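Take a look at the structure set out below.
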Amino acid sequence: TMGAVVSLGFCTASFVSPEGLVVTNHHCAYGTIQYNSTAERNLIKSGFLAKSHEEELPGDPNLRVFVTEDIRDVTQEINTKVTDAMTGFDRYQAIDKAEKALVAACEKPGLRCDVYSFYGGYSFQLVKQREIKDVRLVYAPPDAIGKFGGDVDNWMWPRHTGDFSYFRAYVAKDGSSATYSKDNVPFKPKYWLPVNAAGVSAGDYVMVAGYPGRTNRYRLAEEVKDAIEWSYPTMVSLFTDVIGLIDTAGKKDPKIAVKYANAMASYQNSLKNFQGQLQGLAKADAVAIKQAREAELDQWLAAQGGEMARHSADIAALRGLLAAQRATRERDQVLGFIARIGIYGSAYTIYRHAIEHAKPDMQREYGFQQRDEVKLEGSLKQLERRMDPGVDRQLLEYYLRRYVKLPAEQRLPALDAWLGAGAVDEATIAAKLDALYAGTRLADTAERLRLFKATRGEIEKSDDAALKLMVGLMPDLLRMEQERKNRQGEEMRLRPRYMAAMIAFNRAQGRAVYPDANGSLRVTFGKVQGFAKDGVQFLPFTTAEGILAKTTGEDPFDTPKSQQVAIRSKDYGRYASSALGTLPVNFLADLDITGGNSGSPTLDAQGRLVGLAFDGNWDSVSADWIFDPALTRSIQVDVRYMLWVMDKIDHADNLLNEMGVAH
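Each residue of the sequence shown is one higher than the one before, starting from 60 at the first, in our numbering.
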């Protein structure tokens, strides 16, 4: 079963046929749906179904399917490369070098290897994955089904969202990994999931296998406090502004709305997540809970004596390091967002690649090695379908306005020099950006790809305004990077010691200890069940009738007419639940999931597909920090609803047959 569960690099998916058919969430396929859409042929709105392999659409150049083949503990091999006497920067470099050596020895054509850190650097695992580079869109229901309820229902229960779509993985005729080619053939996986078209009932055992992204359950109390008091509030403010800016531009021009559809979905999801984190952490009194737990830890360490007692000093040093990081957090945040700007980010990628390309591969910066060049080029290639220069300019202007409000000690000398001496007002920023965007050719795909092959010297002689800006900024950016590496190296020394103390403390009290999510393969298990909150009992299933009850005829509750007719006539066929007496749509379970689990197969006790995890209830949002089993619930789209939509609404008979589902 685990061999059938794959990563997309940002979501989870799974093989459901011997012909490389892959099922995941609609919102995980959203970027590919958007990539293949135009204002004239908007697949987001209309949906898409390939009735044959020939009709399947290529994914964006960087879409991948990763199949985990092996996991090996390499903690000892990395720890032997570091000493306590090392500076933070030297420690960072030593670990980086050791990881690169392990990866280089592991990787072969078609295989991607990465070292994952567990418990903040307490242990390391080398993960080997088959990398499939040709991934095509097979089927996606229309937005009115796949994203029913939109941002209004996001993180909410009850829910009625058909959050599923299908890809297909392709390889060269000899079975090797290859980028898109019409000559490629469907990948034949060793394992694929059987489908249980009968679904599950309340109280049934279920499990989810997937690739959860990040949790923060072992963070210190002050890190929770920082999130509540600074990080989440500033992100809410920033994302609200950015969503408003893009929304205004999209309403004026449908082409812009399509280009930024995936980015907008991501921004809106993140915004609501941050709002939920704030509310959940405050309600849970998370800071006080963490402080009390850490006080218990301190007392326990003091009682142990010896090496354990010395960990108290390490934890104090970690707190000092965190305090130092706060000094530049505003700068780091705004420059991090500027780095995402299309023209600015392209200039950085092009110039940094040229700098790194001149070095031996093992000395190149992580992310700019030879193994990364296809992905870097793919990002430059797809930019034209994801970026509008006018909106790009507005976003950069917005971030620069935030930048010039930073304290002087947080500013970059080169960026200040580019903006001009003295006080910088909005008119100055606007004039600078007018000149920048008029004087760059990086909005042209052919030019970006040409420059990606250029040498450092050629780029430094370029008269392109964006490249000239980047050449001027790079020394400051590299200095900041070295400062960051020094801090990270110190954290790599201290965080594992804190975790060693925390693990020993928990075990002494008979508590289970499992590492925070880090993007690697995990399994969670529980049962189908609702929850009670504020005197209200929430049932574990929603039904098709609830779709009609929510339908308004306006986005995001604009149910397709064919679906309305089928529900009113109760044309559910074999997909109705005998226990419910109707068609189930979504269901709850007490599973421990987070971002990255999206698209994860939900399995019954026999390992058969019964749904896809796609969200959590409002109380689950803050579970990244503190998990409350009484209230935290994952939300799954029921396999019976998926099959019913495929059968009765979109007539995807070819896919039902391929999965062996009678209909």
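Every residue, glycine too, gets a C-beta built ideally from N, C-alpha and C.
A quick note: this is a predicted structure, and the numbers were derived from the prediction, not measured.
Residue range 182-191 is occupied by the beta strand (DSSP E) that includes residue 190, with no alpha helix (DSSP H) assigned at that position. Under the DSSP assignment, residue 127 falls in the beta strand (DSSP E) whose first and last residues are 124-132. If one requires a minimum length of 4 residues, the alpha helix (DSSP H) runs lying completely within the segment 322-390 are 345-363, 365-385, in chain order. In the pairwise beta carbon analysis, the segment 387-402 is classified as touching the segment 441-449: at least three pairs are separated by under 8 Å. Taking the C-beta atoms as reference points, residue 214 is found nearer than 8 Å to residue 680.
Within the DSSP secondary-structure output, residue 686 pairs in no beta bridge.
Within the model, the alpha-carbon separation for residue 300 versus residue 551 is close to 35 Å.
Bridge partners of residue 513 according to DSSP: none are assigned. Around the beta-carbon of residue 482, fewer than 16 other beta-carbon atoms lie within 10 Å, marking it exposed. Contact between residue 78 and residue 253 does not hold, since the beta-carbon distance rounds to 15 Å and is not under 8 Å. For residue 224, there is no enclosing alpha helix (DSSP H); the enclosing beta strand (DSSP E) has its first and last residue at 224-230.
Taking 8 Å as the cut-off, the Cβ atoms of residue 91 and residue 118 count as close. DSSP, read as helix, strand or coil, puts residue 171 in strand. By the neighbour-count definition (other C-beta atoms within 10 Å, threshold 16), residue 555 is a buried residue. Shown here, residue 622 sits in a helix according to DSSP, grouped into three states. Here residue 102 is not bridged, per DSSP, to any residue.
If you draw a straight line from the Cα of residue 239 to the Cα of residue 233, it comes to about 14 Å. Residue nearest to residue 488 within the set 216, 468, 716, 463 is 463 (criterion: CA-CA distance). Annotation: residue 193 to residue 123 spans about 7 Å, alpha carbon to alpha carbon. Apart from the 5 residues on each side of it in sequence, residue 686 sits with its Cβ closer than 8 Å to the Cβ of 276, 651 in its chain, given in chain order.
In the three-state reduction of the DSSP assignment, residue 501 falls in the coil class. Of the other Cβ atoms in all chains shown, fewer than 16 fall within 10 Å of the Cβ of residue 132; this residue is therefore exposed.
According to the DSSP assignment, residue 646 belongs to the beta strand (DSSP E) that extends over 643-648. In the three-state reduction of the DSSP assignment, residue 583 falls in the strand class.
Proximity to residue 321 across 664, 654, 626, 94 peaks at 94, based on C-alpha coordinates.
Minimum Cα-Cα distance from residue 608 among the listed residues 572, 585, 182, 217 corresponds to 217.
From the listed residues 449, 278, 511, the smallest Cα separation to residue 412 is found for 511.
Per the coordinates, the alpha-carbon of residue 672 lies some 16 Å from the alpha-carbon of residue 682. Of the residues 599, 665, 722, the one whose Cα lies closest to the Cα of residue 675 is 599.
As the crow flies, the alpha-carbon of residue 540 is around 32 Å from that of residue 657. Within its own chain, the residues whose Cβ lies closer than 8 Å to the Cβ of residue 604, once the five positions on either side in sequence are excluded, are 626, 641, listed in chain order. DSSP, read as helix, strand or coil, puts residue 198 in strand. The beta carbons of residue 106 and residue 199 sit about 6 Å from each other, so the pair counts as a contact at 8 Å. With a beta-carbon spacing of about 4 Å, residue 666 and residue 60 fall inside the 8 Å limit used to define contacts. Rounded to whole angstroms, the separation of the alpha carbons of residue 391 and residue 518 is 26 Å. Under DSSP, residue 695 shares a beta bridge with 646, 672.
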